[in-house]
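Numbering (the working numbering), first residue to last: 1 to 380.
Here is the structure:
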């Protein structure tokens, strides 16, 4: 067959040749590239992938470590204790405030919670409570606020706890100050009216005495004197207090109070001793007045021939009598103004002592002695 169109025939024959030439060029360029960048063997590729994975994991671990550090610092900044016990019953975490409250070290993490918390049964009881509102409990001679925090079951138990002994004492002192202030205003008015009436009665008694009615006048004047002492007590109760706190030697103030009680009828046929020594910050005058009332009350409760002891240690004075003790249910009544357990009492001895001590930030604690009698602690 003859080719009538030579250019077309050359084109038909030249196309395969072009493809071959292009293939040769591409193969040559790939060969040169392979010479410049030799292919890695499978082992090198695997090691490279592992190295890259480890680097990524390292960066992730560093981020998690930073988050953990921030988390721990946040927990340590909390003003209350946080305890985490895992499902194995081990201490998983406890923040700095929690360790300080319980007096434990960071090394307790990982130990059995029952072993670590054995000295703190109220904490163990708190872990057994269902999550919900906070509650208060007594333990170790202190007052606690606890709350189980709601967390997923797989986490374990999370407990918030706080020693609120001082806070409760401060709240109680503030409530007493407010109540004493209200009573003081009322008492001042009563005492003022009483003094005016007594002045009139006293004048009439003196007139009766001058008129020769000595017996009648004497009875009237004695009653007036008794009521004047009561009015003076009322005014003493109503008097605003401005404590002046300073470092004091407790044994010196206790000895001065004991000497004053020695001159009173309540001391007759009793033995009164002051033991120990210690310092504290207090208002010396208010503390002295409070101790006089407390020691006199202890002497009145102690039968003749028995002993009252005043024991002094740093920051505290204890008064121990050998009387019949008291009914714990009557303690609140004993500390209410104008409610006396003795017919001749005014009902202001203990309340005044409580008021004076409360004004200085001190606490008054009553307890029954195992051997009989009452122990009164003045905690400064």
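We put the beta carbon where it would ideally sit given N, CA and C, even for glycine.
Here residue 320 is bridged, per DSSP, to 309 and 375. Between residue 94 and residue 111, the gap from beta carbon to beta carbon reaches 7 Å or more. Residue state for residue 162 is assigned as strand, using DSSP reduced to three classes. Ranked by Cα distance from residue 324, the first of 265, 312 and 301 is 301. Among the bridge pairs identified by DSSP, residue 138 is matched with 143.
Burial is judged here by how many other beta carbons sit within 10 angstroms of a residue's own beta carbon; residue 283 has at least 16 and is buried. Across the structure, residue 353 and residue 140 are spaced so that their CA atoms are roughly 28 Å apart. Contact between the region 296-312 and the region 257-276 is present: 3 or more CB-CB pairs across the two stretches fall below 8 Å.
In terms of CA proximity to residue 206, 220 leads the group 197, 220, 196 and 194. Looking only at 249, 251, 100 and 162, the smallest Cα-Cα distance to residue 147 is reached by 162. Shown here, residue 269 sits in coil according to DSSP, grouped into three states, outside any helix or strand. In this structure, DSSP gives residue 380 a state outside helix and strand, which the three-state scheme calls coil.
In the DSSP assignment, residue 361 falls outside any alpha helix (DSSP H) and carries neither an H nor an E. The C-beta of residue 154 has fewer than 16 other C-beta atoms within 10 Å across all chains shown, which makes the residue exposed. Under the three-state reduction of DSSP output, residue 129 falls in the coil class, being neither helix nor strand. Excluding the 5 residues flanking it on each side, residue 287 has same chain C-beta neighbours closer than 6 Å at 253, in chain order.
Remark: C-beta atoms of residue 298 and residue 356 do not approach each other more closely than 7 Å. Put simply, the backbone Cα of residue 92 is about 22 Å away from that of residue 144. About 14 Å separates the Cβ atoms of residue 276 and residue 380, ruling out a contact at the 8 Å cut-off. Shortest Cα-Cα distance from residue 256 to any of 292, 265, 278 and 228 involves 292. Taking residue 361 as reference, the option from 170, 107, 134 and 157 with the minimal CA-CA separation is 170.
Straight-line measurement puts the Cα of residue 266 at about 33 Å from the Cα of residue 213. For residue 296, the three-state secondary structure derived from DSSP is helix. One thing to note: residue 227 has its Cβ within 7 Å of the Cβ of residue 198.
When DSSP reads this structure, residue 84 sits in a beta bridge with 93 and 158. Shown here for residue 242: not one same chain residue has a beta carbon closer than 8 Å to its own, the five before and five after excluded. Here DSSP, grouped into helix, strand and coil, assigns residue 277 to coil. Non-local C-beta neighbours of residue 262 in its own chain, meaning closer than 8 Å and more than five positions away in sequence, comprise 272, ordered along the chain.
In the structure shown, the three-state DSSP call for residue 151 is coil. Relative to the Cα of residue 232, the nearest Cα in the group 249, 196 and 121 belongs to 196. Where residue 248 is concerned, there is no enclosing alpha helix (DSSP H), although the beta strand (DSSP E) around it starts and stops at 246-249. Beta bridge pairing from DSSP links residue 367 with 375. Spanning the alpha carbons of residue 109 and residue 304 requires a straight line of approximately 59 Å. Using a 10 angstroms sphere on the CB of residue 98, the tally of other CB atoms reaches 16 or more, which defines it as buried.
Boundaries for residue 336: no alpha helix (DSSP H) harbours it, and the DSSP string shows neither H nor E there. Here the alpha carbons of residue 225 and residue 217 stand approximately 12 Å from one another.
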